[in-house]
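*Asks:* I'd like to ask you about the structure that follows.
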Amino acid sequence: MASASDASPHPITPSVAPLPPPSAPDRPPTIPPPLYVVLLDPLEQLRALDPQSPHVLSAALFPPLLSPRVRAARPRRGAGPPVENEEGLCAWVEAAHAALTSRHATFCAAWRLPPAASPPPPPPAAPAVPPLAALAHAQRYDAPPLRRAECSPGATLCPPLLFSSLLANPRPAPLAFTALGAQWLVPRDAAFCLAPLRRWRELAPLAPPDGYRLLLLDPPWRSRSVARKRNYATVGDETLLAQLPVPQLACAACCLIAVWITNSRHRFVLEVLLPSWGARRIATWYWLKLTSDGRFSTGADPRSPHRKPWEPLILAFIGRDPPRLPTRLALSSVPLTHSHKPALDALLRPAAPHLLQSGRSGELVEEHEAWQQLPKMELFARELRPHWHSVGDEALYFQHSGFYQSCHANSGHEDDRNNICAASRT
Numbered sequence: 001m002a003s004a005s006d007a008s009p010h011p012i013t014p015s016v017a018p019l020p021p022p023s024a025p026d027r028p029p030t031i032p033p034p035l036y037v038v039l040l041d042p043l044e045q046l047r048a049l050d051p052q053s054p055h056v057l058s059a060a061l062f063p064p065l066l067s068p069r070v071r072a073a074r075p076r077r078g079a080g081p082p083v084e085n086e087e088g089l090c091a092w093v094e095a096a097h098a099a100l101t102s103r104h105a106t107f108c109a110a111w112r113l114p115p116a117a118s119p120p121p122p123p124p125a126a127p128a129v130p131p132l133a134a135l136a137h138a139q140r141y142d143a144p145p146l147r148r149a150e151c152s153p154g155a156t157l158c159p160p161l162l163f164s165s166l167l168a169n170p171r172p173a174p175l176a177f178t179a180l181g182a183q184w185l186v187p188r189d190a191a192f193c194l195a196p197l198r199r200w201r202e203l204a205p206l207a208p209p210d211g212y213r214l215l216l217l218d219p220p221w222r223s224r225s226v227a228r229k230r231n232y233a234t235v236g237d238e239t240l241l242a243q244l245p246v247p248q249l250a251c252a253a254c255c256l257i258a259v260w261i262t263n264s265r266h267r268f269v270l271e272v273l274l275p276s277w278g279a280r281r282i283a284t285w286y287w288l289k290l291t292s293d294g295r296f297s298t299g300a301d302p303r304s305p306h307r308k309p310w311e312p313l314i315l316a317f318i319g320r321d322p323p324r325l326p327t328r329l330a331l332s333s334v335p336l337t338h339s340h341k342p343a344l345d346a347l348l349r350p351a352a353p354h355l356l357q358s359g360r361s362g363e364l365v366e367e368h369e370a371w372q373q374l375p376k377m378e379l380f381a382r383e384l385r386p387h388w389h390s391v392g393d394e395a396l397y398f399q400h401s402g403f404y405q406s407c408h409a410n411s412g413h414e415d416d417r418n419n420i421c422a423a424s425r426t
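Quick note: the sequence shown uses this note's numbering, first residue 1, plus one each step.
This is the structure in structure tokens:
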């Protein structure tokens, strides 16, 4: 039964605008119109997922990016031609960026910006999060296979239970528990498995009867920073991803798969990885990473042959009848922190009724209700979200209570507090 907080869809929605195809007389792009751009603020979107939660991510710990992250210059061999996974992609990105900057003066929620007359205050120290990945990999697994367990409010969880279970909060409200000397927050109707990749195949017996119908993956590709990659650095990309139990977890008749990739791994995903899962690409979306004033966050030009200011998201499908989604979409946001992807719930939710009902009889379920019922799992997760199962050796990282503040805490900025809690009062 849906809770009171589920009575209506979330009040914060991304802005979507169709654009004309970009003009490039010297080389017309082959990517077809219409071109869509979507503006997201990561904190607003995360808060909209659970507007009744008494805790929200602390805005002070996640200040918006005000200027590009420009790396120290390194010697390079000439500029070279633009590197494009698809012909015309650079012009397409430039057109999307131009449209966004012509319509918006800022690219994050206004309440997150510092006053114009004063420099932004330094962010407070981040919480000392226990080394989750190291602890997960250090466990000895001569115990029974992964199992389901329920997480209770106020409970204290210890190994091996913490690292050998799919722990669920089936309640219509978030809960807090203690483990590893810290407090952790679990959203309503969420579950997590804090386990290394070598154990993920044991999740198949714990999946829904006909499998998950939406899988989201953010693999630690080689081009990511060492700090992020070292958690899974014992094997190469191909071997690592060959171990993923996607066919065992996915619904064989209907499953949407979303995979974050780097530009250099585009062909490998399309030509090797997806066929091995029995999936085919149906769309490619691009996340444009921007500063708060609309500049590319990397400081790089889209036509640079080197680092690109976007990350692709491949949408693939297992089954015969895929949902209707934009085949090309540019979504833009100010990165919340390094390697933290924007929440895609608002963009994927329209596909939920089709995914849930495909191959089943009965009346079509309303979109918001279908999204709650849709079996969803994120692999390589570092945070939890309502109505999702999240798996990874750092799945609890951003659930540390030190990253959060009370929604009703008096921070001294009434306007900010009103923005934070507006969804709870509507």
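Quick reminder that beta carbons are idealized off the backbone N, C-alpha and C, glycines included.
Could you check the C-alpha separation between Pro309 and Leu241 for me, to the nearest Å?
*Replies:* Taking the sequence shown and counting its residues from 1, one reaches residue 309 at position 309. Taking the sequence shown and counting its residues from 1, one reaches residue 241 at position 241. Taking the straight line from one Cα to the other gives about 25 angstroms.
*Asks:* Going by C-alpha to C-alpha distance, which of Cys151, Ser165, Ala168, Pro187 sits closest to Thr178?
*Replies:* The sequence position of residue 178 within the sequence shown is 178, counting from 1. For Thr178, the nearest C-alpha among the options comes from Cys151.
*Asks:* Between which residues of its own chain and Ala128 is the CB-CB distance below 8 angstroms, once the five residues before and five after are set aside?
*Replies:* For the purposes of this step, residue 128 is taken as the residue at position 128 of the sequence shown. Result list for Ala128: Gly402, in chain order.
*Asks:* Please report how far the alpha carbon of Pro322 lies from the alpha carbon of Leu374, in whole angstroms.
*Replies:* Residue mapping note: residue 322 aligns to position 322 of the sequence shown, counting from 1. Residue mapping note: residue 374 aligns to position 374 of the sequence shown, counting from 1. Whole-angstrom Cα-Cα distance: 15 angstroms.
*Asks:* May I ask you to report which of helix, strand or coil DSSP gives Cys407?
*Replies:* Numbered from its first residue, the sequence shown carries residue 407 at position 407. Three-state result, Cys407: coil.
*Asks:* Checking 8 angstroms against the spacing of the C-beta atoms, do Leu217 and Asp393 come in under that value?
*Replies:* The count along the sequence shown starts at 1 and reaches residue 217 at position 217. The count along the sequence shown starts at 1 and reaches residue 393 at position 393. Cβ distance not < 8 angstroms, so Leu217 and Asp393 don't count as in contact.
*Asks:* What span of residues does the beta strand (DSSP E) with Phe254 cover, start to end?
*Replies:* Here the question's residue 254 lines up with position 254 in the sequence shown. Here residue 254 turns out to be Cys, not Phe, going by the sequence shown. Element bounds for Cys254: 254-260.
*Asks:* Below 8 angstroms on the Cβ atoms is my contact criterion, and I expect Phe268 with Ser390 to pass it. Report the Cβ-Cβ distance as a whole number of Å.
*Replies:* As a first step, residue 268 is located in the sequence shown; it is residue number 268 there, counting from the start. As a first step, residue 390 is located in the sequence shown; it is residue number 390 there, counting from the start. So it is not a contact: roughly 25 angstroms between Cβ atoms.
*Asks:* Sort Arg328, Pro386, Leu384 by Cα distance to Gly88 and report the nearest one.
*Replies:* By one-based count along the sequence shown, residue 88 stands at place 88. Nearest of Arg328, Pro386, Leu384 to Gly88, Cα basis: Arg328.
*Asks:* For Arg265, I'd like the list of residues in its chain whose CB is within less than 6 angstroms of its CB, leaving aside the five on either flank, ordered along the chain.
*Replies:* Translated into the one-based positions of the sequence shown, residue 265 becomes position 265. The residues Trp221, in chain order, have a CB closer than 6 angstroms to that of Arg265 in the same chain once the five nearest residues on each side in sequence are set aside.
*Asks:* If you reduce the DSSP assignment to three classes, tell me which class Leu135 lands in.
*Replies:* Along the sequence shown, one-based indexing puts residue 135 at 135. Helix at Leu135.
*Asks:* Which ranges does the beta strand (DSSP E) cover as unbroken runs of at least 3 residues, wholly within the segment 299-334, from first to last along the chain?
*Replies:* Every beta strand (DSSP E) of 3 residues or more that sits fully in the segment 299-334 is shown, in chain order, as 310-319, 328-333.
*Asks:* In or out: Gln45 buried (at least 16 other Cβ within 10 Å) or exposed?
*Replies:* What you label residue 45 is simply residue 45 of the sequence shown in a count that begins at 1. Residue environment for Gln45: buried (at least 16 other C-beta atoms within 10 angstroms of its C-beta).
*Asks:* Using C-beta distances below 7 angstroms, list every residue in its chain close to Tyr404, excluding the 5 sequence neighbours before and after it, in chain order.
*Replies:* Taking the first residue of the sequence shown as position 1, residue 404 is located at position 404. Counting only Cβ-Cβ distances below 7 angstroms, and skipping sequence neighbours, we find His55, Val56, Leu57, Ser58, Leu185.
*Asks:* Please check the pair Arg112 and Leu43, which I expect to be a contact at CB under 8 angstroms, by giving their CB distance rounded to whole angstroms.
*Replies:* Here the question's residue 112 lines up with position 112 in the sequence shown. Here the question's residue 43 lines up with position 43 in the sequence shown. Sure, about 7 angstroms apart at Cβ, within 8 angstroms.
*Asks:* Can the beta-carbon of Ser332 be found less than 8 angstroms from the beta-carbon of Leu66?
*Replies:* Sequence index remark: in the sequence shown, residue 332 carries index 332 (1-based). Sequence index remark: in the sequence shown, residue 66 carries index 66 (1-based). Contact: no.
*Asks:* Report the residue from Lys341, Pro350, Asp345 whose alpha carbon sits nearest the alpha carbon of Ala381.
*Replies:* Position 381 of the sequence shown, counted from the start, is the residue given in the question as residue 381. Cα-wise, what sits closest to Ala381 is Lys341.
*Asks:* Give the straight-line distance between the Cα atoms of Arg324 and Pro51, rounded to the nearest whole angstrom.
*Replies:* As a working note, residue 324 is residue 324 in the sequence shown. As a working note, residue 51 is residue 51 in the sequence shown. Computed Cα separation, rounded: 28 angstroms.
*Asks:* Assuming Ala149 and Gly211 make a contact with CB atoms under 8 angstroms, what is their CB distance in whole Å?
*Replies:* Here residue 149 refers to the residue found at position 149 of the sequence shown. Here residue 211 refers to the residue found at position 211 of the sequence shown. About 21 angstroms separates the two Cβ atoms, so there is no contact after all.
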